[in-house]
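J.:
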Amino acid sequence: MMIEARLHALLRAVPVPMLVVDQRARVIGANEAAEALLGAVPGDRPFVTALRHPEVNAALDAVLAGQDRARLNVTLGSADRRVFCEVTVTALAAPGLSGAAVVIEDRSRDEETEQMRRDFVANVSHELRTPLTALMGFIETLRGPARNDPAARDRFLDIMEREAGRMNRLVADLLSLSRVEQDERRRPAQALDLAGLLRSVVTTLNPAAASALVRLELLGADSKVSVPGDADQLVQVFHNLIENAVKYGSSGGVVTVTLEHLTHEPVLRGPAWSVSVVDRGEGIEPQHLPRLTERFYRVDTHRSREKGGTGLGLAIVKHIINRHRGRLRIESERGQGSRFTVILPETIGRI
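Per full-length UniProt numbering, numbering through the sequence shown is continuous, rising by one, with the last residue being 351.
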C-alpha cells in the first residue's frame, strides 16, 4: 500500500504524460496527462494496448531486459491530431517495485520551429539559385557566342544587372528581418512624430507613384502626432505598404493613406493611432489573406518577382509592428482593392 501511495503521488506530481509498467510490461499507473493524450488507461493491462507504437514498445522491452534508459522521438496521435513527442523509458528498481517509467514530452512546437527553419533555408536557397543560374548562363554566353556582339552584350549586361539587384534586395531584406527579430522583445520608447514620418514617406514615393500613373493622397497628417517608436523601422513599414499599394494598385488610380486617432482600441486596451493604406487594385482572394505575412509567401510569384518583390516585405512589416506592440489588419476583396491598416499604441502603457 505504501508503494502504491508513493507511486500515485509521483504520477500526480509529474506535469507531462507518464506511465509506470511492471516487469511483465503491464501498466500499473498512469497520470491524467497520459490519459489526456492516450485516452483512458486502465491499470493492469499490457502496455502495448495503451500505446501502440513499435519503436516505443521495442525501447520498453530493451529497458525491461536490463538497459538503463532509452530515448526516442516518435509521432503519436490519430489522423486528426498528430503530436511529435520525445519518449523516455527509464528503468525502475526499488523495494517492491521493478519495471520502467515511460515519460512522453510534447515536442511539436520544437518540431514546427525546426521545420520552419528548414523551409526558410530551402526558400532562401531557391530564391538565390534562380538569379545565380541566370548570371552564370549569361557569363558563359558573353565568353562565347556573344563575345563580339555589342548589342547582345549590352542586353545581357542589363539582365545581369537586374538579377544582381534582385539578389542584393533579397540579402538586404534577409539582414533586415534578422535585425528586426533580434530586437522584437525590446519595445521602442522614444517619441516620434508619426504624421511627419508619413509626410516624408509619401514625398519620397511620389516620383515612383507618378511614374506608375498613381496619385498618392495623404489624409489626417497635418498636425504633429506623437507616438513611441523606432523611426527607421516605421519608415520601413509605411514605405513597404505604400510602395506595394502603388505597384499593385490600378494604373491611373489613387492610393489613399489615412491617419486617424482611436480613443480606445480594444485589443491594445487604450488610445491608439491608425494608419490605413488603401489601393483600388485587383484585390486579393480571401484564402491568401491569413498567409500574406509569411516569409516568401506570394499570391502571384511571377508578378511579385517582376515587380522586384523578395517575398519578405510583409514578414518584416509584421515583426516591426509586433515590436511596437501594435496590430496589422489586412482587408481585401477580389476586384475591390485592398486596405492595410497599422494600429500603434499612443503611449507605452501596459501592453
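By construction, the Cβ of each residue, glycine as well, lies at the ideal position given by its N, Cα and C atoms.
Since the structure is predicted, the reported quantities are computational estimates derived from the model, not experimental observations.
Return the bridge partner residues of N73 from the DSSP annotation.
T.: Looking at the DSSP assignment, N73 forms a beta bridge with E86.
J.: Starting from P207, trace the beta strand (DSSP E) both ways and give me its first and last residue.
T.: Not the beta strand (DSSP E): P207 falls in the alpha helix (DSSP H), residues L194 to S211.
J.: Which whole-angstrom value is the C-beta distance of V21 and F47, which I expect to be below 8 angstroms?
T.: Contact flag correct, Cβ pair sits at about 5 angstroms.
J.: I want to know whether the stretch 209-217 touches the stretch 245-259 - three or more CB-CB distances under 8 angstroms.
T.: In short, these stretches touch, since the Cβ pair count reaches three.
J.: Might you give, ordered along the chain, the residues of its own chain that have their beta carbon closer than 6 angstroms to the beta carbon of R350, omitting 5 neighbours on each side?
T.: Because the pLDDT of R350 is 37, which lies under 50, any placement of that residue in the model is unreliable, and the question is left without a value.
J.: By a C-beta neighbour count over all protein chains shown, 10 Å radius and 16 as the cutoff for buried, is N148 buried or exposed?
T.: Answer is exposed; the Cβ neighbour count stays below 16.
J.: Could you tell me if V267 is buried or exposed, where buried requires 16 or more neighbouring beta carbons within 10 angstroms of its beta carbon?
T.: When all chains shown are included, V267 counts as exposed.
J.: Can you pull the DSSP bridge partners for I104?
T.: Answer by DSSP bridge pairing, in chain order: V87.
J.: When DSSP labels each residue in this structure, what does D61 get in the three-state scheme?
T.: Of the three classes helix, strand and coil, the one that applies to D61 here is helix, per DSSP.
J.: For G96, count the other beta carbons within 10 Å of its own beta carbon; 16 or more makes it buried, fewer makes it exposed. Which is it?
T.: Under this definition G96 is an exposed residue.
J.: Along the chain, where does the beta strand (DSSP E) containing E265 start, and where does it finish?
T.: V254 to E265 is the extent of the beta strand (DSSP E) around E265.
J.: On the DSSP bridge assignment, give the partners of R329 in chain order.
T.: Bridge partners of R329: T341.
J.: Taking all protein chains shown into account, do 16 or more other C-beta atoms lie within 10 angstroms of the C-beta of E285, making it buried, or fewer, making it exposed?
T.: Burial call: exposed.
J.: Buried or exposed: A36, going by 16 or more other Cβ atoms within 10 Å of its Cβ?
T.: Exposed, since its Cβ has fewer than 16 Cβ neighbours within 10 Å.
J.: Alpha carbon to alpha carbon, what distance is there between G337 and I343?
T.: Going by the C-alpha atoms only, they are around 20 angstroms apart.
J.: Give a yes or no on whether the C-beta atoms belonging to A62 and A70 are separated by under 9 angstroms.
T.: Yes, these two residues count as a Cβ contact at 9 angstroms.
J.: Do E282 and R334 have their beta-carbon atoms positioned less than 9 angstroms apart in this structure?
T.: The answer is yes: Cβ separation under 9 angstroms.
J.: Comparing alpha-carbon positions, which option in R45, G29, Q190 and M167 lies nearest V124?
T.: It is M167 whose Cα lies nearest to the Cα of V124.
J.: Can you give me the C-alpha to C-alpha distance between A209 and E346, rounded to a whole angstrom?
T.: Approximately 30 angstroms, taken between the alpha carbons.
J.: Between which two residues does the beta strand (DSSP E) carrying A274 extend?
T.: According to the sequence as given, residue 274 is Ser; it is not Ala. Run containing S274: G270 to D279, per the beta strand (DSSP E) assignment.
J.: In whole angstroms, what separates the C-alpha of G66 from that of E112?
T.: The alpha-carbon atoms of G66 and E112 are separated by roughly 35 angstroms.
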